[in-house]
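Visitor:
There are 4 protein chains.
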Amino acid sequence: MTDVAYRLDQTGLLVVDPYNDFISDGGKLWPRVREVVQANGCVPHMLEILQAARSAGVRIFFAPHRRWRAGDYNETWKFWAPIQESAARAKVFADGTWGGTFRDEFTPRQGEVVALEHWCSSGFANTDLDVQLKKHGIHQLIVIGMRANTCIDSTVRYAVELGYEVTLVSDAIGSYSWDEMKATLELNAPNYARAIVSTKELVSLIQLRP
Amino acid sequence: MTDVAYRLDQTGLLVVDPYNDFISDGGKLWPRVREVVQANGCVPHMLEILQAARSAGVRIFFAPHRRWRAGDYNETWKFWAPIQESAARAKVFADGTWGGTFRDEFTPRQGEVVALEHWCSSGFANTDLDVQLKKHGIHQLIVIGMRANTCIDSTVRYAVELGYEVTLVSDAIGSYSWDEMKATLELNAPNYARAIVSTKELVSLIQLRP
Amino acid sequence: MTDVAYRLDQTGLLVVDPYNDFISDGGKLWPRVREVVQANGCVPHMLEILQAARSAGVRIFFAPHRRWRAGDYNETWKFWAPIQESAARAKVFADGTWGGTFRDEFTPRQGEVVALEHWCSSGFANTDLDVQLKKHGIHQLIVIGMRANTCIDSTVRYAVELGYEVTLVSDAIGSYSWDEMKATLELNAPNYARAIVSTKELVSLIQLRP
Amino acid sequence: MTDVAYRLDQTGLLVVDPYNDFISDGGKLWPRVREVVQANGCVPHMLEILQAARSAGVRIFFAPHRRWRAGDYNETWKFWAPIQESAARAKVFADGTWGGTFRDEFTPRQGEVVALEHWCSSGFANTDLDVQLKKHGIHQLIVIGMRANTCIDSTVRYAVELGYEVTLVSDAIGSYSWDEMKATLELNAPNYARAIVSTKELVSLIQLRP
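Here the protein sequences come in this chain order: A, B, C and D. If you're matching positions, the first sequence starts at 1 in this note's numbering and goes up one per residue. If you're matching positions, the second sequence starts at 1001 in this note's numbering and goes up one per residue. If you're matching positions, the third sequence starts at 2001 in this note's numbering and goes up one per residue. If you're matching positions, the fourth sequence starts at 3001 in this note's numbering and goes up one per residue.
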């Protein structure tokens, strides 16, 4: 699907969870994502897209997962989901640590929007991401980052429910397994994303400015 | 996972999209779901759970997809998702038709809650489902119905983001393919559902009343 | 405040609750709103704005309150608000009755959007109004209708929280008392509405346009 | 209205914006709220309720307004509301300053929940307050803090739209004028709050417990 035309003043790039714990060697989840992420060039692709979007004047948004802090999650919660229990147990993205810091190349610049932290998987749920997109006049959203069948899938689903037009970049997302990648890219996202493109295609599309 | 204890006065059963177009022979989507739905006994399981929940005093909620009406979707919309384009093209669940009516055995009874119709996949998005659950004091949600990797997956994800504890019943949901079932039951829902059980297990769990 | 410039393709007119029960002689709430509504010309102003908006190509949206149906509200709800208890007691906007029908001149035309019914006061809460506005590319919202300090105030507050720019038309809203009008127009809405204008000013603003 | 019975394990106390800028001598907004706040004993009442709630085992939640940071609000926003423009101009609740710190007696304790910061007036909008309340099983919400006709009114309206039962404490809220107090306490909140009580009544109600 490449019939999407981007109005760049209405287009946002959403970078989901570019934490060291996820996408840097030495991160807590790196051993789990390494196989996919190294094979599909996820990190260099994410960076290439970030740079192309900045050059094209596409506004940049970041959707960060809750940085773990003492007392988080189920210590006082009565109801929880397995993914939250895992996050609490592993203390992923711990606040104030290297793992809970964005990988260096993904440090937000002035004028770029870092949404409030999300507790589960959707970058929209219980955060200000939707209002930030609206305040900036965004209708078309390019989604990249981690992890395919959890945060990416949930964020794409929410974006569509909320009325955004979504482009997912197939080789700028990663996951724990190829089965998860396939579930997202072949079974689920084709229902929601208006376009699923490669990094190469995307960069070409947003360079062709009107 | 069978360590969930249900407080029945805080438990709701959510039946998603039990339309004739989906789960009855002759429905528009029946040819696509038949293989899975007949093999796993989805419809009789849904019915068995509905009856068990009613007997146990679990309140029943229905999450219906938008019934197609003339002018819906992309005629005036500027942004749309593929799943909405398909729905518009196929006129699924057309309002006022047999296909857009709940299968007979799933007719809501007095005191059962039919949420507002959803435009995409989540029974929560842009509807009153969350407030209806809150008004009835529900915290634990049992999810059954159609279709595994679209409405069921989205509804489960939203439920968890909103703070509900979700139980998914593996043989009371259906889909277009076994790959979709596997994506939902083995890859995605285990992150979100507090329990994934069979109909037999569920019926046993909600009969064991405190 | 008249420094708002409207981009008409991004502007929507939102008509809140133009039910006979509210704004027609003989309606259940008419005796309560008559004094204000007759004095400020609310109904003819609403109509004048509707016609001007249609002529200017501004898309029209309607936000209808829940039409009362048997079993609604607190019969099974565990928690309720006084305004909902009143609505249940008085059976206002009863479904299928004249009182629960839009006043004749406000019948929606083809291509105009009627949002899902709201249970309380905000036209956005638990409805599809936000997604409908997004799907039509709306960022600027002109709000008219009933009743100043309940549905209008709540809808304006929600619109702003969600990121819309709001214009409120001071003589195209009504209420039970001048105190309520003053609370809305002088104390509350000035915090949220980007502009509060008269019908005359509004009509002029949306006519002066390419 | 004093017919509300509290189930203390389902009851939360919500303290809205107890910033030095609002409720401490020397704060940026103190000159504007002083008259009302000193006359109705708002701050000592807020403290009395906080202590009573802690003693009764009622869980405590805080809803903090966005702490101003460089670049906030309309520098990149295309749409804004007057209240946000004022906040940006006055740099209220500036992050890292005394004014943007909770008044000393209102420092959250371990196990108490500080919701994400809100950009406008509702403690719920674009934050995690709703999910935090759900995760802790809360259905009844006692609301205190600042400022009557903006954050308090919006938070109460949102709470009710979302399905919570609200108690507002009339002498534990403050505002810029008696007109604003009257608008909230006599005209608006009676539609939404299940109970409006004095501090004395509230403390008595949550002490009388099985």
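Even for Gly, the Cβ is constructed at its ideal location relative to N, Cα and C. Predicted model only: the values in this text are computed from it and were never measured.
Please report the Cβ distance between C/Ile2152 and C/Gly2145, rounded to the nearest whole angstrom; I am assuming they are in contact, meaning their Cβ atoms lie under 8 angstroms.
Guide: Right, the Cβ-Cβ distance comes to about 7 angstroms (below 8 angstroms), so this counts as a contact.
Visitor: Under DSSP, the beta strand (DSSP E) around A/Leu14 begins and ends at which residues?
Guide: That run of the beta strand (DSSP E) goes Thr11 to Val16.
Visitor: Kindly give me the distance between the Cβ atoms of C/Pro2018 and C/Phe2106, rounded to whole angstroms, as I take these residues to be in contact under 8 angstroms.
Guide: Contact holds; Cβ gap of about 4 angstroms.
Visitor: If we count the other Cβ atoms within 10 Å of its Cβ and call it buried at 16 or more, is B/Trp1077 buried or exposed?
Guide: Counting Cβ neighbours within 10 Å, B/Trp1077 comes out buried, since at least 16 surround it.
Visitor: Classify C/Leu2013: buried if its beta carbon has 16 or more other beta carbons within 10 angstroms, exposed otherwise.
Guide: Buried.
Visitor: Could you tell me which of C/Ser2055, C/Trp2080, C/Asp2179 and C/Asp2025 sits nearest to D/Tyr3192, measuring between CA atoms?
Guide: Closest by alpha carbon: C/Trp2080.
Visitor: Quick check: the stretch 107-120 of chain A against the stretch 1034-1050 of chain B, are at least 3 beta-carbon pairs closer than 8 angstroms?
Guide: As far as the Cβ criterion goes, the stretch 1034-1050 of chain B does not touch the stretch 107-120 of chain A, which means the pair count is below three.
Visitor: Tell me the DSSP bridge mates of D/Phe3102?
Guide: Answer is D/Tyr3019.
Visitor: Does any CB atom of chain A fall closer than 9 angstroms to the CB of D/Phe3062?
Guide: No, D/Phe3062 lies away from the interface with chain A (no Cβ there is under 9 angstroms from its Cβ).
Visitor: According to the neighbour-count rule (16 or more other Cβ atoms, all chains shown, within 10 Å of its Cβ), is C/Met2001 buried or exposed?
Guide: Only weak support exists for where C/Met2001 lies, its pLDDT of 46 falling under 50; the coordinates are left without a value.
Visitor: Can you tell me which of C/Tyr2176, C/Trp2178 and C/Thr2184 puts its alpha carbon nearest to the alpha carbon of C/Leu2168?
Guide: Nearest of C/Tyr2176, C/Trp2178 and C/Thr2184 to C/Leu2168, Cα basis: C/Thr2184.
Visitor: According to DSSP, is B/Ala1115 part of a helix, a strand, or is it coil?
Guide: Three-state result, B/Ala1115: coil.
Visitor: So what's B/Ser1154 in DSSP terms, helix, strand or just coil?
Guide: Helix at B/Ser1154.
Visitor: Distance cutoff 9 angstroms, beta carbons only. Does C/Lys2182 sit that close to anything in chain B?
Guide: Output row for C/Lys2182: interface = no.
Visitor: Within the chosen definition, does the stretch 2055-2068 of chain C reach the stretch 2088-2101 of chain C through at least 3 CB pairs nearer than 8 angstroms?
Guide: Yes, the stretch 2055-2068 of chain C touches the stretch 2088-2101 of chain C.
Visitor: Going by Cα to Cα distance, which pick from A/Arg54, A/Lys135, A/Asp21 and A/Ala125 is closest to D/Tyr3216?
Guide: Lying outside 3001 to 3210, the shown extent of chain D, residue 3216 of chain D is not represented and no answer is given.
Visitor: Determine the direct distance from the alpha carbon of C/Val2114 to that of C/Gln2132, and round the result to whole angstroms.
Guide: The alpha-carbon atoms of C/Gln2132 and C/Val2114 are separated by roughly 9 angstroms.
Visitor: In chain order, what residues of the same chain lie with their CB nearer than 7 angstroms to the CB of B/Asn1149, ignoring the 5 residues before and after it?
Guide: Correct list, in chain order: Ser1175, Glu1180, Ala1183 and Thr1184.
Visitor: Taking all protein chains shown into account, decide if A/Asp128 is buried (16 or more other Cβ within 10 angstroms of its Cβ) or exposed.
Guide: That one is buried.
Visitor: Using the C-alpha atoms, what's the distance from D/Ile3023 back to D/Gly3099?
Guide: Each residue's Cα considered, the two are about 9 angstroms apart.
Visitor: Roughly how many whole angstroms lie between the Cα atoms of B/Ile1049 and B/Val1004?
Guide: Answer to the nearest angstrom: the Cα atoms are 17 angstroms apart.
Visitor: Which of the three DSSP states is assigned to D/Thr3127 in this structure?
Guide: Here D/Thr3127 sits in coil by DSSP.
Visitor: Note down, in chain order, every chain D residue with its Cβ under 8 angstroms from the Cβ of A/Leu116.
Guide: The answer, in chain order, is Leu3116, Glu3117, Asn3126, Thr3127 and Asp3128.
Visitor: Answer with yes or no whether the minimum CB distance from D/Trp3080 to chain A is below 9 angstroms.
Guide: Answer yes: the Cβ-Cβ gap between D/Trp3080 and chain A drops below 9 angstroms somewhere.
Visitor: Do B/His1139 and B/Glu1165 have their beta-carbon atoms positioned less than 9 angstroms apart in this structure?
Guide: Yes, these two residues count as a Cβ contact at 9 angstroms.
Visitor: With DSSP run on the structure shown, which of helix, strand or coil describes B/Ile1173?
Guide: DSSP places B/Ile1173 in strand when its eight states are reduced to three.
Visitor: Reducing DSSP to helix, strand and coil, say where D/Ala3063 ends up.
Guide: Three-state result, D/Ala3063: strand.
Visitor: What residues in the stretch 2093-2114 of chain C bring their beta carbon closer than 7 angstroms to a beta carbon of chain B?
Guide: From the stretch 2093-2114 of chain C, only Gln2110 and Gly2111 have a Cβ closer than 7 angstroms to chain B.
Visitor: Less than 6 angstroms between C-beta atoms, sequence neighbours within five positions excluded: which residues of the same chain meet that for C/Thr2011?
Guide: Excluding sequence neighbours, C/Thr2011 sits near Val2058 and Gln2140.
Visitor: Relative to the C-alpha of B/Gly1096, which residue among B/Asp1021, B/Val1197, B/Thr1199 and B/Ser1154 is closest?
Guide: Closest by alpha carbon: B/Asp1021.
Visitor: How about C/Ile2060 and C/Arg2109: do their beta carbons lie closer than 9 angstroms?
Guide: Yes.
Visitor: Please report the Cβ distance between A/Ser170 and A/Val197, rounded to the nearest whole angstrom; I am assuming they are in contact, meaning their Cβ atoms lie under 8 angstroms.
Guide: Right, the Cβ-Cβ distance comes to about 7 angstroms (below 8 angstroms), so this counts as a contact.
Visitor: Output, in sequence order along the chain, the residues in the stretch 2128-2151 of chain C whose CB is closer than 7 angstroms to any CB in chain D.
Guide: For the stretch 2128-2151 of chain C, which is checked against every Cβ of chain D, the residues closer than 7 angstroms are His2139, Asn2149 and Thr2150.
Visitor: Closer than 9 angstroms, CB to CB, is A/Pro210 near chain C or not?
Guide: With a pLDDT of 49 at A/Pro210, under the threshold of 50, the modelled position of that residue is not reliable, and no figure is offered here.
Visitor: Between D/Ile3173, D/Ser3055 and D/Pro3064, which has its C-alpha nearest D/Asp3009's C-alpha?
Guide: Considering only alpha carbons, the answer is D/Ser3055.
Visitor: Residues of chain B with CB closer than 8 angstroms to the CB of C/Gly2071, please, in chain order.
Guide: Correct list: Gln1110 and Gly1111.
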